[in-house]
Each structure stands twice: as structure tokens, then as C-alpha cells.
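Read the structure below first, then the notes.
Numbering (this note's numbering), first residue to last: 33 to 470.
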């Protein structure tokens, strides 16, 4: 029996967002002619065309802005776009923000969020062109990711129009952080909560990114969530899996990924810890940041180096060549609210790499709880640079500890995150809802 013909809403198959990577791994092995994506133009980049090459871009016919903000928006053509494999590969490129971009990001968007205008300035409508395209595609089911008010309302509108069973997959606890500031925060929090619950009522299956999220959402929303985290291609990652735990004169600790909400101060904490270790042990440990943007504080620390991001296919080699991998979360209350129930896409990728992992973050988060329980990393749960330095020193001086952590992590990854096992479960869930509607 062929796999269900699936319409994906909100998240393209890309390699620079956790949601895109997770989606590509879950849908691995699907025929491309049985997958199509509807998304906005601003996230249509770094596309993995090997997973899916059929997209409908939400342009000016669907994406509507309130006056006078509509005058500031560039014209985007609505309609289908086919992606060519040869034009979709490569690493995310860091573009230096110009004055206009910095002004918008640092002042304009925060103002809109504070006033609550952010939640009502724009909306996504079902245009005649989009409806015709959906009719012609004629999906068996819908898979949706949404983390904004307009995204939630659009998913609900698509499901009501197509009348097909829908899966809604939650990547992080965005409902807890979407409205936290300004005089209208309570109004918007309650309204978005009502709209989210209404969209969930339209879904046939609800998915979470972690077991901790599933437990919390059962209490919060009274609904059952099935956990699907990012699965990994075992053979792909084993192609460069580390198996030598000797250190050279300049051991490296690598952080690869985004810098943003929940992951900022914890990066600088490691820089402080590594400088401390180097001073005390007379070592030359380096902290390498492989991120899109270079932090402003990087010049303050002797140990820190910045490298450009690489293509996803190069990550197994990059991770295996590092001596340690760093997986941090910030300790602020705002950060904890955002990341408490999340599991980073890179966690199983770090585990399978064979490189020992250092986890630094609050003990109440799903990531840290899992690392402590299953012992796949050396974990520091106090916001204390001294404790973090002790952990780094322990790994640098104890080869048996390095081997033990790496072996445990590999075993956990192979048992819990093998893409073949996870995909089979995912396909069973997808197949089980065909013919059902809410």
C-alpha cells in the first residue's frame, strides 16, 4: 500500500531549522510525488530538494498585512514552485545585517510584540489559487507545524477546507512564551490559547517533541500527544563516528547551531570556563562556535574561535573531529519557559557521533532530565562557571570518562533514535488516520 499523499503546512524541508530537519527525517523514504508543502516565502531557503520538490508559496494573494504596514511589504508571487536539487544544497550563509534590518529587529518588532500588534498585523487567507491547487493535489492527509497565531488560524482554515485528517506536531512550548509583555499580554494569551485549542480540536493526531511535553500538554489541554523526536540515519552518522579518545595539544569543544532564545549566556559561560581550565591546568583547550552569526563577546576570551556553518552532509565528519560537543541551555526564567519541554534536533546527532557530550542547563528541562537519567553526557545543572570548568577539566584529564560517556550515548542513539524504527512508527500513525476527520 502506498504511503499517504501528504500536504505539509508551515514548515519547508530545510537544513537550517530543527523543524525542517526533523520533518525530513520523519518523511524519509516517502515518494516525492506524495509530498507537497505550503509555506511563506521568508522561510523558503536552504531547501532539501531530495526530500520534497513541490511547494506552494504563500504570496501577496494569501499573505495580507494591515494598512499602512502593507505598503512596506515586497510583492511575492503566489503559486507553485518546483525546487531543483542542484540549487538547494550548501550551508546557511551568514549575511551581515544592514542598518534597516537591525532597526527592524531591535526596535520595530519588539514594539509590535509589546503593544500586541504583532498578533493582528497580518493574516493568511485561502485564495482561489491556493484552493484550486489543493483540490488538484488532493491529499490524503495533512501534517502541520505552527508556532504563531496566524499559523494556527491558517492550519485550521486549511483543514476545514480540505476536510482531511490532520497531524499537528509541536516543536517547542511556544504557547507559553508567545505573549509575555505589554498591557495586552493577558488578552492575547487567552485569545491565542482559545484559537490553538480550536485548531487542536480539528486535528486527528497530536504529536509532541518530547515525553515531558506530552505529559505537560495532557494536563494543560486534556489531550493525548504522541512523542516523535528527530530520528537519525545511523549509517550516515557512523561514516565518521569517533573511536579514538586520545587528545592532542589543542583539544576542541564544539558548539554547532543557532544562537538565540534559550541559547545565549550559556555559550559565554563555557568560554569563561575554558579560559579558567586553561589557566589552571596549563592546557590549550579551544571553544569553537560554528554558528551563523559571531557573538559580540567573542573577542573577550582567548579560547574562542568562530567558524562558518557547513552543509548538513558534512556534520558527521565535523562532529567526530571535535574532542567534545557542547549542548547548552540558558538558566533565565524566560529561557526555561521556552525550552523546558524541547529536545534539540542535534541531541541524537551529538549522541551518535561518538564524541563525548557536555550538557549545561536547568535540571527541569526535558533535555537535561534525559541526559541525567540516561547518562549520555557529562551534565552540569547549576548556573555556575566553576562547576562547568570542573566538568571540562574532568573530561580533559580522564580518558576512561570520555570513552564511557561516548559509548553510552551511541547505545542510546541506536536504541531510541534509529530512523528506520522511528519512521515505521510514524508511518503507522499516518496510516491509522486515513479516512478519519474531526
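Backbone N, C-alpha and C define an ideal beta-carbon position, used for all residues, glycine too.
Look up residue 274 in the DSSP assignment and say whether it is helix, strand or coil.
The residue labelled residue 274 in the question sits at position 242 within the chain shown. In the structure shown, residue 274 adopts coil according to DSSP, grouped into three states.
When DSSP labels each residue in this structure, what does residue 46 get in the three-state scheme?
Within the chain shown, the letter at position 14 stands for residue 46. In the structure shown, residue 46 sits in a strand (DSSP, three-state: E or B).
With a Cβ-Cβ cutoff of 8 Å, do residue 41 and residue 174 count as a contact?
Locating residue 41 in the chain shown gives position 9, where the first residue counts as 1. Locating residue 174 in the chain shown gives position 142, where the first residue counts as 1. Cβ distance < 8 Å, so residue 41 and residue 174 count as in contact.
Suppose the cutoff is 8 Å on Cβ atoms and the five residues either side in sequence are ignored; what does the same chain contact list for residue 440 look like?
The residue given as residue 440 occupies position 408 in the chain shown. Same-chain partners within the cutoff: 406, 407, 408.
Please say whether residue 87 and residue 115 have beta carbons closer to each other than 8 Å?
In the chain shown, counting from the first residue as 1, residue 115 sits at position 83. In the chain shown, counting from the first residue as 1, residue 87 sits at position 55. Their beta carbons are under 8 Å apart, which means residue 115 touches residue 87 by this criterion.
Do residue 245 and the ligand ZN come close, with the Cβ less than 7 Å from some heavy atom?
The ligand ZN is not among the ligands present in this structure, which contains no ligands whatsoever.
Is the beta carbon of residue 449 closer than 8 Å to that of residue 397?
Within the chain shown, the letter at position 365 stands for residue 397. Within the chain shown, the letter at position 417 stands for residue 449. At the C-beta level, residue 397 and residue 449 stay beyond 8 Å of one another.
Under a three-way DSSP split, which group does residue 71 fall into?
Looking up residue 71 in the chain shown gives position 39. The three-state reading of DSSP puts residue 71 in strand, counting E and B together.
Residue 121 (DSSP reduced to helix, strand or coil):
Translated into the one-based positions of the chain shown, residue 121 becomes position 89. Residue placement at residue 121 cannot be trusted, given a pLDDT of 47 that sits under 50; what the coordinates show is reported in the next sentence. Here residue 121 sits in coil by DSSP.
Report, in whole angstroms, the separation of the C-beta atoms of residue 383 and residue 445, which I expect to be a contact under 8 Å.
Numbered from 1 along the chain shown, position 351 holds the residue referred to as residue 383. Numbered from 1 along the chain shown, position 413 holds the residue referred to as residue 445. About 4 Å separates the two Cβ atoms, so the contact holds.
Going by DSSP, what residue range makes up the beta strand (DSSP E) through residue 319?
The residue labelled residue 319 in the question sits at position 287 within the chain shown. Start and end: 318 to 322.
Taking DSSP as the reference, what is the three-state secondary structure of residue 197?
Here residue 197 refers to the residue found at position 165 when the chain shown is read from its first residue. Coil at residue 197, not helix or strand.
Please state the DSSP three-state secondary structure of residue 358.
Within the chain shown, numbered from 1, the residue matching residue 358 stands at position 326. Strand at residue 358.
How about residue 438 and residue 274: are their beta carbons less than 8 Å apart?
Locating residue 438 in the chain shown gives position 406, counting from the first residue. Locating residue 274 in the chain shown gives position 242, counting from the first residue. With respect to residue 274, residue 438 sits close: the two C-beta atoms are nearer than 8 Å.
Quick check on residue 387: does DSSP put it in helix, strand or coil?
Sequence index remark: in the chain shown, residue 387 carries index 355 (1-based). In the structure shown, residue 387 sits in coil (DSSP, three-state: anything other than H, G, I, E or B).
Terminal residues of the alpha helix (DSSP H) in which residue 330 lies
The sequence position of residue 330 within the chain shown is 298, counting from 1. Note, residue 330: premise wrong, no alpha helix (DSSP H); not H, not E.
For residue 228 and residue 333, the rounded distance between their alpha carbons
For the purposes of this step, residue 333 is taken as residue 301 along the chain shown, with counting starting at 1. For the purposes of this step, residue 228 is taken as residue 196 along the chain shown, with counting starting at 1. In a straight line, the C-alpha of residue 333 is about 44 Å away from that of residue 228.
Which listed residue (266, 418, 247, 91) has its alpha carbon closest to that of residue 301:
Residue numbering aside, residue 301 sits at position 269 when the chain shown is read from its first letter. Out of 266, 418, 247, 91, 418 has the C-alpha closest to the C-alpha of residue 301.
Please go through the same chain and pick out, in chain order, the residues whose beta-carbon is closer than 6 Å to the beta-carbon of residue 462, but skip the five residues on each side of it.
In the chain shown, residue 462 corresponds to position 430, counting from 1. Taking residue 462 as the centre and dropping the five residues before and after it, the same chain places the C-beta of 36 closer than 6 Å to its C-beta, in chain order.
Going by the CB atoms, is the gap between residue 89 and residue 111 shorter than 8 Å?
In the chain shown, residue 111 corresponds to position 79, counting from 1. In the chain shown, residue 89 corresponds to position 57, counting from 1. Taking the C-beta atoms as reference points, residue 89 is found nearer than 8 Å to residue 111.
So, are the CB atoms of residue 392 and residue 298 less than 8 Å apart?
Taking the first residue of the chain shown as 1, we reach residue 392 at position 360. Taking the first residue of the chain shown as 1, we reach residue 298 at position 266. Against a cut-off of 8 Å, the Cβ pair of residue 298 and residue 392 comes out as a contact.
Taking the alpha carbon of residue 60 as the point to measure from, which residue in 265, 51, 193 has its own alpha carbon closest?
Residue numbering aside, residue 60 sits at position 28 when the chain shown is read from its first letter. With distances taken between CA atoms, residue 60 lies nearest to 265 out of 265, 51, 193.
Mind checking which residues open and close the alpha helix (DSSP H) that includes residue 96?
Taking the first residue of the chain shown as 1, we reach residue 96 at position 64. Segment 95 to 97 is the beta strand (DSSP E) holding residue 96; no alpha helix (DSSP H) there.
Using the Cβ count rule (16 or more neighbours within 10 Å means buried), how would you classify residue 339?
Here residue 339 refers to the residue found at position 307 when the chain shown is read from its first residue. Classification of residue 339: exposed, given that the 10 Å Cβ count is below 16.
Please determine, among 424, 286, 367, the residue with the shortest C-alpha to C-alpha distance to residue 358.
Taking the first residue of the chain shown as 1, we reach residue 358 at position 326. Closest by alpha carbon: 286.
Is the Cβ-Cβ distance between residue 39 and residue 83 less than 8 Å?
Within the chain shown, residue 39 is the residue found at index 7, counting from 1. Within the chain shown, residue 83 is the residue found at index 51, counting from 1. Taking 8 Å as the Cβ cut-off, residue 39 and residue 83 do not qualify as a contacting pair.
Going by the beta-carbon positions, is the gap between residue 176 and residue 198 smaller than 8 Å?
Stepping through the chain shown from its first residue, residue 176 is reached at position 144. Stepping through the chain shown from its first residue, residue 198 is reached at position 166. Residue 176 places its beta carbon less than 8 Å from that of residue 198.
Taking just the CA atoms, how far does residue 326 sit from residue 422?
In the chain shown, the residue the question calls residue 422 occupies position 390. In the chain shown, the residue the question calls residue 326 occupies position 294. Taking the straight line from one Cα to the other gives about 26 Å.
Could you tell me if residue 125 is buried or exposed, where buried requires 16 or more neighbouring beta carbons within 10 angstroms of its beta carbon?
Here the question's residue 125 lines up with position 93 in the chain shown. Low per-residue confidence applies at residue 125: pLDDT is 48, beneath 50, and the placement is therefore not dependable enough to give any value.
Endpoints, beta strand (DSSP E) assigned at residue 471
The question about residue 471 has no answer here: the residues shown for the chain are numbered 33 through 470.
Can you list, in chain order, the residues of its chain with a C-beta nearer than 6 Å to that of residue 120? Leave out the 5 residues immediately preceding and following it.
Along the chain shown, one-based indexing puts residue 120 at 88. Caution is warranted here: a pLDDT of 48 is assigned to residue 120, below 50, making its placement in the model unreliable, and the coordinate value is therefore given only provisionally. Excluding positions up to five away in sequence, the list reads 79, 81.
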